[in-house]
Amino acid sequence: DAKTTQPPSMDCAEGRAANLPCNHSTISGNEYVYWYRQIHSQGPQYIIHGLKNNETNEMASLIITEDRKSSTLILPHATLRDTAVYYCIVRALGAGNNRKLIWGLGTSLAVNP
Amino acid sequence: ETGVTQTPRHLVMGMTNKKSLKCEQHLGHNAMYWYKQSAKKPLELMFVYNFKEQTENNSVPSRFSPECPNSSHLFLHLHTLQPEDSALYLCASSQTTGPKNYGYTFGSGTRLTVV
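Laid out in C-alpha cells, this is it:
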C-alpha cells in the first residue's frame, strides 16, 4: 500500500472549517483513501473513505484531486470535540492487504475556542 | 460504544505474570486484528484473523499469543513481557468480503503497563 504524508499538527478556530491535507503520490489505481481520527486514549474512529469521487457524510467531506495524488478532509464547522489525531491511509479492499498498511503519525488537530 | 469491546481498559502486570486481553465484536465482521500503539509511534499491526484462521503474524515475539475461538471473539495472551511492551493494545474488526468496505472498527483499547 502507498505511504501518505500529513502535516504533524494544525490549529483551527472553533466554528471554522478545518481542512486537513494528505499527500499520497504513489497511490495505486485500486487503492482507496481512508480517514480515521483518534481522540486521546481511544481507538481510531472511521470518518470517511473514497476512491476518486468526492464524498460527504454527516461527519466530514473528502476531496480527492483528479490525479488522486492528494486529498483533503474537511470538517465544515469544527468543534472542541474534533480535537484529535487524524490519520489518512490508503489501501486496497479485500483480505491480504493489511500487512502493507502504513498508518503514519497523522495530523494532530487542535480546535481552539 | 463502537461495536468492538475490549477488556480490561487498563492493565498493570509484572514481567513474570500471565494475563489475557479480550476483544468482542457484535458487528458480524469476518476479520479481527490486534494492533499495538506505543507512545509517539504509528499503529503496528500484530495479528490478523480471517474467519477464525490466523492469516498474518507480523513478526510478533512469542510472548504474545493470540487466540480466536470464533469470528466474534479474539484474545491476546501475554506472558513474560518486557517493559518496552507497555503500550495501548487495540483490537479491530472489519468485513473483508462483499461490495462495501468501511474499513476498520476499533475498540477503545487496553492500556498495558509492564513493571
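So the sequences go chain by chain: Y and P.
At position 106 of the first sequence (counting the first as 1) the number is 106 in our numbering, and the numbers step up by one without a gap.
Quick note, our numbering runs 113 ahead of the 1-based positions in the second sequence.
Ideal Cβ positions, reconstructed from N, Cα and C, are used throughout, including at glycine.
Quick check on the burial criterion: 16 or more other C-beta atoms within 10 angstroms. Buried or exposed for residue i?
| i | result |
| --- | --- |
| Y:Gly29 | exposed |
| P:Met145 | buried |
| Y:Thr26 | exposed |
| P:Gly216 | buried |
| Y:Arg37 | buried |
| Y:Val11 | One detail in the question is off: residue 11 of chain Y reads as Asp in this sequence, not Val. So Y:Asp11 counts as exposed. |
| P:Val125 | exposed |
| Y:Leu80 | exposed |
| P:Gly220 | buried |
| P:Ala205 | buried |
| Y:His40 | exposed |
| P:Thr218 | buried |
| P:Leu134 | buried |
| Y:Pro76 | exposed |
| Y:Ala17 | exposed |
Considering only the alpha carbon of each residue, which of the options lies closest to residue i?
| i | options | result |
| --- | --- | --- |
| P:Pro182 | P:Pro196, P:Ser172, P:Gln167 | P:Gln167 |
| P:Pro174 | P:Phe164, P:Gln119, P:Leu194 | P:Leu194 |
| P:Asp198 | P:Thr120, P:Ser151, P:Gly141, P:Ser184 | P:Ser151 |
| P:Lys165 | P:Gln119, P:Glu157, P:Glu180, P:Glu137 | P:Glu180 |
| P:Leu158 | Y:Ala92, Y:Trp103, Y:Asn112 | Y:Trp103 |
| P:Gly116 | P:Leu156, P:Thr226, P:Gly222 | P:Gly222 |
| P:His139 | P:Phe177, P:Leu225, P:Thr118, P:Tyr162 | P:Thr118 |
Determine the contact status of residue i and residue j, defining contact as a CB-CB distance below 9 Å.
| i | j | result |
| --- | --- | --- |
| P:Thr210 | P:Asn130 | no |
| Y:Ser108 | Y:Tyr86 | yes |
| Y:Pro8 | Y:Leu73 | no |
| P:Trp147 | P:Leu189 | yes |
| Y:Val90 | Y:Thr5 | no |
Discussion item. What are the residues in the stretch 41-70 of chain Y lying within 8 Å of chain P by C-beta distance?
Written reply: Ser41, Gln42, Gly43, Pro44, Gln45, Tyr46, His49
Discussion item. Taking contact to mean 3 or more Cβ pairs, one atom from each stretch, closer than 8 Å, check whether the stretch 61-81 of chain Y and the stretch 12-25 of chain Y are in contact.
Written reply: yes
Worksheet item: Which residues, in chain order, does the stretch 12-37 of chain Y contribute to contact with chain P at a C-beta distance below 7 Å?
Response: Tyr34
Worksheet item: Looking at chain Y, which residues of the stretch 171-193 of chain P have a Cβ within less than 8 Å of any of its Cβ atoms?
Response: Asn171
Worksheet item: Just by C-beta distance, which residues in the stretch 123-157 of chain P are closer than 9 Å to chain Y?
Response: Asn143, Ala144, Tyr146, Tyr148, Gln150, Lys153, Lys154, Pro155, Leu156, Glu157
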